[in-house]
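Number of protein chains: 2
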Amino acid sequence: MSYSIGEVANITGITISTLRYYDREGMFPNMERSNGGIRMFSDTEIETLQIIECLKTSGLSIKDIKQFLNWCQEGDDSLQKRRDMFYERLEVVEKQMEELQKTMNTIKFKCWYYDTALAAGTEETPKNMPVEEIPEEIRKYRYKCD
Amino acid sequence: MSYSIGEVANITGITISTLRYYDREGMFPNMERSNGGIRMFSDTEIETLQIIECLKTSGLSIKDIKQFLNWCQEGDDSLQKRRDMFYERLEVVEKQMEELQKTMNTIKFKCWYYDTALAAGTEETPKNMPVEEIPEEIRKYRYKCD
DNA sequence: CTAGAACCTGAAGTTAGGTTTAGGTCAAGA
DNA sequence: TCTTGACCTAAACCTAACTTCAGGTTCTAG
């Protein structure tokens with residue numbers, strides 16, 4: 001089963017020009033073409049795209065993702081490198097989750113802050129509120145600034 | 001109490017050139033200068049930097065962050081806008097956390113995959129392993145690609 | 001056979017978010 | 001007073017990751 005670039009764009013939500021850009025960068029080393037030169041994406045390329053998305057989210061650059069995909073072409077000799085890369089990603093993503101959680105807490109504090117301000121009609125109300133009156137869960141995320 | 005740009009760089013980990021860039025972009029509308037023209041950061045600016053970091057992590061651009069800081073200057077008239085912005089951020093960050101969790105799961109699968117491959121000396125081992133033998137927690141995150 | 005939708009290429013353009021450079025000025029200690 | 005490390009500006013530069021453009025080819029439905 002094979003897909004045209006337009007179909008892949010629909011399936012994955014990645015634009016056609018991005019798919020062509022990835023191809024230009026060598027992300028699909030085994031992709032076939034029709035006689036007329038039209039790209040034929042297979043399930044392999046769809047799976048590669050899922051890994052690309054995963055690695056991109058984990059903070060890897062296109063260049064480094066390409067490096068990984070090259071290792072995949074090399075076979076078992078590169079197993080150690082590939083393993084190490086994923087363990088490194090694991091740590092990075094753990095850090096990202098922690099940071100995102102802190103961000104979330106700050107945002108929740110701000111939501112409370114502005115709800116309180118709007119209810120009172122003025123920002124002075126939450127700004128001057130004694131700490132004990134701030135809901136416990138968000139108390140410690142208080143910043144003085146607006 | 002006020003801080004030089006170098007001190008702020010040390011405190012926050014943000015480079016001096018980035019701090020000057022933020023200033024150029026108007027992120028510190030109330031920052032004072034010494035007679036000689038040297039920036040004097042106060043606690044207000046430090047707090048603004050914390051909010052900038054928070055909003056940046058939540059996916060807002062510098063331009064939009066500046067927009068928010070402008071609203072803060074406007075006083076209570078902009079309370080609703082600011083509230084809405086934070087509720088929007090709340091949703092965005094929730095989506096980000098979900099995506100990061102999926103990414104994490106995929107990476108954990110890959111860690112298992114490569115550990116198994118390395119133990120066996122070949123990728124064929126995890127690749128051909130029947131689903132029942134894959135640890136339960138990660139089973140569903142399996143991708144066929146390397 | 002033909003129209004038009006979908007595809008192709010190489011090259012240039014875009015955007016965000018900084019960083020670097022060049023040429024100065026400021027401020028605190030010896 | 002002098003030095004020297006920290007600071008200043010404007011403007012040019014940089015990079016990643018795409019996107020757009022111009023001009024041409026392929027494929028498919030009627």
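As given, the protein sequences belong to chains A and B, one line each in that order.
FYI, full-length UniProt numbering numbers position 100 of the first sequence as 100, with every residue one higher than the one before it.
FYI, full-length UniProt numbering numbers position 72 of the second sequence as 72, with every residue one higher than the one before it.
Even for Gly, the Cβ is constructed at its ideal location relative to N, Cα and C.
On a predicted model such as this, the values are computed, not experimentally measured, just so you know.
Nearest candidate by alpha-carbon position, reference residue i, set the options
i	options	result
residue 28(A)	44(A), 35(A), 136(A), 103(A)	44(A)
residue 46(A)	30(A), 68(A), 58(A)	30(A)
residue 40(B)	82(B), 5(B), 142(B)	5(B)
residue 89(B)	134(B), 101(B), 61(B)	61(B)
residue 82(B)	24(B), 70(B), 93(B), 91(B)	70(B)
residue 92(B)	141(B), 131(B), 54(B)	54(B)
residue 52(A)	94(A), 68(A), 131(A)	68(A)
Three-way DSSP call (helix, strand, coil) for residue i in this model
i	result
residue 137(A)	helix
residue 109(B)	helix
residue 97(A)	helix
residue 142(A)	coil
residue 28(A)	coil
residue 40(A)	strand
Where residue i falls, given that 16 or more other Cβ within 10 Å makes a residue buried
i	result
residue 63(A)	exposed
residue 117(B)	buried
residue 127(B)	exposed
residue 110(A)	buried
residue 104(B)	buried
residue 15(A)	exposed
residue 85(A)	buried
residue 106(A)	buried
residue 113(B)	buried
residue 21(B)	exposed
residue 123(B)	buried
residue 58(B)	buried
residue 18(A)	exposed
Short CB-CB distance (under 8 Å) between residue i and chain A
i	result
residue 119(B)	no
residue 108(B)	yes
residue 67(B)	no
residue 58(B)	yes
residue 142(B)	no
Cβ of residue i within 8 Å of any chain B Cβ
i	result
residue 97(A)	yes
residue 12(A)	no
residue 123(A)	yes
residue 76(A)	yes
residue 104(A)	yes
residue 19(A)	no
**Asked** Residues in the region 25-53 of chain A with C-beta within 7 Å of chain B's C-beta atoms, listed in sequence order?
**Response** So the close ones are 44, 47, 48, 50, 51.
**Request:** Residues of the region 80-94 of chain A with a CB closer than 7 Å to any CB of chain B: list them in chain order, please.
**Result:** Hits within the stretch, in order: 80, 82, 83, 86, 87, 89, 90, 93.
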